[in-house]
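Notes for the one structure printed next.
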Amino acid sequence: MRIILGIYSKLCRKYGSLNWWPTTLENELHPKYHGKKLNDRQRFEIVVGAILTQNTAWKNVEKAIFNLNREKLIDAKKLAKINVKRLAQLIRPAGYYNQKAERLKIVADFFVNNPDILKTKSIPGLRQKLLPIKGIGPETADSIILYAAEKPIFVIDAYTKRIFSRLGFCKENVSYEELQQLFMKNLRHDTKLFNNYHAVLVEHAKNNCRKKPLCNDCLLRRECRSFKKLFCK
DNA sequence: GGCCAGGTGTAAA
DNA sequence: TTTACACATGGC
34 MRIILGIYSK LCRKYGSLNW WPTTLENELH PKYHGKKLND RQRFEIVVGA
84 ILTQNTAWKN VEKAIFNLNR EKLIDAKKLA KINVKRLAQL IRPAGYYNQK
134 AERLKIVADF FVNNPDILKT KSIPGLRQKL LPIKGIGPET ADSIILYAAE
184 KPIFVIDAYT KRIFSRLGFC KENVSYEELQ QLFMKNLRHD TKLFNNYHAV
234 LVEHAKNNCR KKPLCNDCLL RRECRSFKKL FCK
């Protein structure tokens, strides 16, 4: 279905390359890393951010990550050792801070014991290692694989579900894996494509269609109609 | 003041 | 297998 790529083209034309995942501190690389390789600290910051952003606005996550950077705590060994209550206070702005502090320590401990985890060749293999960790569900696992390990897997989030169910490509309660397959089967497996597709979907959803079933002024309204013509008659 | 935010784990039906 | 609920701050 070329329409899946067509939707990306439109969103990309409007929002451009957003160069996710935003990372901090490495000034020369912030906010974009222009093709340069991520360093290990940045990769781990992405892992931390993926936990912290669960059901939370990124603005609040930035404050928490700022605090962690200030204390030089974007470091698996340090996070694995830190007092959980102190960690909770540092990440407080990101919400659910008690829960996330506990889970961050679990994930940090895992990274201490599996330092080369992100170098795992097989994507399904990496996913299977990440998913059993408490605090890492499908979206967080896929975000880590796509943005920290830079391997091509499509991240599904609430926005993606909302946009594509409203366009008529899936039901509102579609499963994570099912919607993921829609993208994986209809796009070339390319890290940069998957990266920016997810990013522009989030950007688009933030700006549009919060409540209306489908905005008449949404730039994807044509795609909605054409899909219905093709598949819903 | 209410709703929402780049979800997940757990327990009960 | 599905559904309900706890977790919590901050922006609008």
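So for the first sequence, my numbering puts the first residue at 34; every next one is plus one. Ideal Cβ positions, reconstructed from N, Cα and C, are used throughout, including at glycine.
**Request:** Give the single residue among T89, V188, A109 whose Cα lies nearest to the Cα of V80.
**Result:** A109
**Message:** Output needed for L164: all residues of its chain with C-beta closer than 6 Å, excluding positions within five of it in sequence on either side, in chain order.
**Reply:** A174
**Asked** Do L44 and H237 have their C-beta atoms closer together than 8 Å?
**Response** yes
**Asked** What is the DSSP secondary structure of V188, reduced to helix, strand or coil?
**Response** coil
**Prompt:** With a CB to CB cut of under 8 Å and the five nearest residues on each side skipped, what residues in its chain are close to W19?
**Reply:** With the chain covering 34 to 266 only, the question about residue 19 has no answer from this structure.
**Asked** Any idea if K138 is buried or exposed, counting beta-carbon neighbours within 10 angstroms, 16 or more meaning buried?
**Response** buried
**Asked** Does DSSP classify W53 as helix, strand or coil?
**Response** coil
**Message:** Does Y129 come out as helix, strand or coil in the three-state DSSP assignment?
**Reply:** coil
**Prompt:** Mind checking whether E172 and I189 have CB atoms under 8 Å apart?
**Reply:** yes
**Asked** Helix, strand or coil: how does DSSP classify R221 here?
**Response** coil
**Short Cβ contact (8 Å threshold) for A97 with A134** = no
**Request:** For the alpha helix (DSSP H) holding Q295, just list the boundary residues, first then last.
**Result:** Lying outside 34 to 266, the shown extent of the chain, residue 295 is not represented and no answer is given.
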